[in-house]
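Right, one structure below, let's go through it.
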Amino acid sequence: MALKPKALGRGLGNLIPVNESKIPIDSSSESALREIRISEIRPNPGQPRKTFSEESLKELSETIKAHGVIQPIVVKELDSGYEIISGERRYRACKLAGFIKIPAIVKNVSENQSMEMAIIENIQREDLNPIEEAIAYKTLSEKLNLKITDISARVGKNRSTISNLIRLLQLPDSVQDLIKNGRISEGHARPLLSLADRKKIEQLAYQIAEKGLTARQVEDLVSNISEGRSSSPEKKKSRKDVNIVELENKFRKKYSMKIEIGHNQNSGKGKMTIAYPSLEAMEKILNALGL
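The numbers in the UniProt record's numbering rise by one with no breaks, and the one at position 205 of the sequence shown is 205.
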């Protein structure tokens, strides 16, 4: 007995006209909505997004199982099968959900048009990491011969933002991986571009990731190296906030113990170090904390 294809999701007929609906689909138009077998579709090799979160795909898969594919993917027809222009996450989620077919809008476009549509659609979703976005801009520039001003007009971002992102691709691959994984930010990485020594760039990048340095500390580090000073972050004696000093004094008076409060105004994080003279004194603190 032949297996019946799985449905595209509850309520889908009310959302988009797939083949099960009574609405005829015009497959001859330049932008036709069809129901296509997933096995006939392939991802776009020029897709800017290279990493897909398994957890995110699983969540999307469950949503599609419950509510259907609300927004069709966009594909172009090849000599054999179809290639995705936009909607690869939905395509992957449908595969994960075990669907046999997926609603798709078929566009009759050239290879360059397909590439441009895929890249710009992904950029506008604003969830690419900085390296993926940089690669997307570089692809538009090199393969489609677009100037930075042209790219700026197409994606709605200023030229300096685009240029700065593309420059990140000059960093060593290992540093780019740290950016992709979110261990260091674009703001951390940008000052490193002024250094010529690629090994030093890698060392500093790992130092940033391990020590959680701020962008300002990175700028100071790079400045020190450029001027031939120590590459360790300078520990500047900054004036303590009066409220922190007052808290320390109150604690000393109440518990007769020294406390040191270190607070980072930028991140809002910090630590408290209590010096207790005896176990009895420690118990006093623990009791006060209800421990």
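Just so it is clear, CB atoms sit at the ideal spot from N, CA and C, and this is done for glycine as well. Bear in mind the structure is a predicted one, so any value in this text is a computation, not a measurement.
Residue i, enclosing beta strand (DSSP E) - first and last residue
i, result
"Leu86", "Correcting the residue type first, residue 86 is Ser in the shown sequence and not Leu. Counting along the chain, the beta strand (DSSP E) containing Ser86 begins and ends at Tyr82 to Ser86."
"Ile162", "No beta strand (DSSP E) contains Ile162, which is instead part of the alpha helix (DSSP H) from Arg159 to Arg167."
Check whether residue i and residue j have beta carbons under 8 Å apart
i, j, result
"Met115", "Lys157", "no"
"Cys94", "Ile131", "no"
"Ala196", "Leu171", "no"
"Arg42", "Val106", "no"
"Thr214", "Asn181", "no"
"Ile102", "Ile135", "no"
"Ile244", "Ile259", "no"
"Ile179", "Val155", "no"
"Ser194", "Ser226", "yes"
"Ala288", "Met257", "no"
"Ile38", "Ile100", "yes"
"Tyr82", "Glu40", "yes"
"Ile208", "Tyr255", "no"
"Pro191", "Glu219", "yes"
DSSP-derived helix/strand/coil call for residue i
i, result
"Pro103", "strand"
"Lys76", "strand"
"Arg34", "strand"
"Lys147", "coil"
"Pro5", "Unreliable positioning characterises Pro5 in this predicted model, as indicated by a pLDDT of 39, which lies under 50. A coordinate reading is not provided."
"Gly262", "strand"
"Ile184", "coil"
"Arg49", "coil"
"Leu291", "coil"
"Ile64", "helix"
"Ile41", "strand"
"Ser174", "helix"
"Ser28", "Note on Ser28: pLDDT 40, under 50, position unreliable in the model; the coordinate value appears next. Ser28: coil per DSSP, three-state reduction."
"Asn243", "helix"
"Asn249", "helix"
"Gln179", "The displayed chain sequence assigns Ile, not Gln, to residue 179. Helix."
"Thr139", "helix"
For residue j and residue i, believed in contact at Cβ under 8 Å, the rounded distance
i, j, result
"Leu140", "Ile119", "6 Å"
"Leu169", "Lys138", "6 Å"
"Leu247", "Leu221", "Their Cβ separation, rounded to whole angstroms, is 31 Å, which puts Leu247 and Leu221 out of contact at 8 Å."
Start and end residues, alpha helix (DSSP H) containing residue i
i, result
"Lys271", "Not the alpha helix (DSSP H): Lys271 falls in the beta strand (DSSP E), residues Gly270 to Ala275."
"Glu227", "First-last for Glu227: undefined, no H or E at that position."
"Ile119", "Glu111 to Gln124"
"Met282", "Leu279 to Ala288"
"Arg190", "Per DSSP, Arg190 belongs to no alpha helix (DSSP H) and is neither H nor E."
"Leu128", "That residue, Leu128, is in no alpha helix (DSSP H); it is neither H nor E in DSSP."
"Ala205", "Arg198 to Lys211"
Of the listed residues the options, nearest to residue i (C-alpha basis)
i, options, result
"Asp127", "Ile166, Arg49, Tyr206 and Ile102", "Arg49"
"Glu111", "Lys76, Ala136 and Asn129", "Lys76"
"Ser80", "Ile36, Ser185 and Leu165", "Ile36"
"Pro45", "Ile274, Ser53, Leu57 and Glu88", "Glu88"
"Ile166", "Ile151, Pro277 and Leu178", "Ile151"
"Glu62", "Phe52, Gly98, Asn108 and Gln71", "Gly98"
"Glu202", "Gly187, Gly212, Gln217 and Asp177", "Asp177"
"Ile274", "Phe251, Asn264, Gly290 and Arg183", "Phe251"
"Asn129", "Arg216, Thr51, Lys253 and Gln47", "Thr51"
"Arg183", "Ser160, Gly212 and Arg159", "Gly212"
"Gln71", "Ala104, Asn145, Pro277 and Thr149", "Ala104"
"Asp241", "Thr161, Gly268 and Asn224", "Gly268"
"Met272", "His263, Gln113 and Leu279", "His263"
The ligand SAM heavy atom lying under 7 Å from the CB of residue i
i, result
"Lys157", "With respect to small molecules bound, the structure shown includes none, and the ligand SAM cannot be examined in it."
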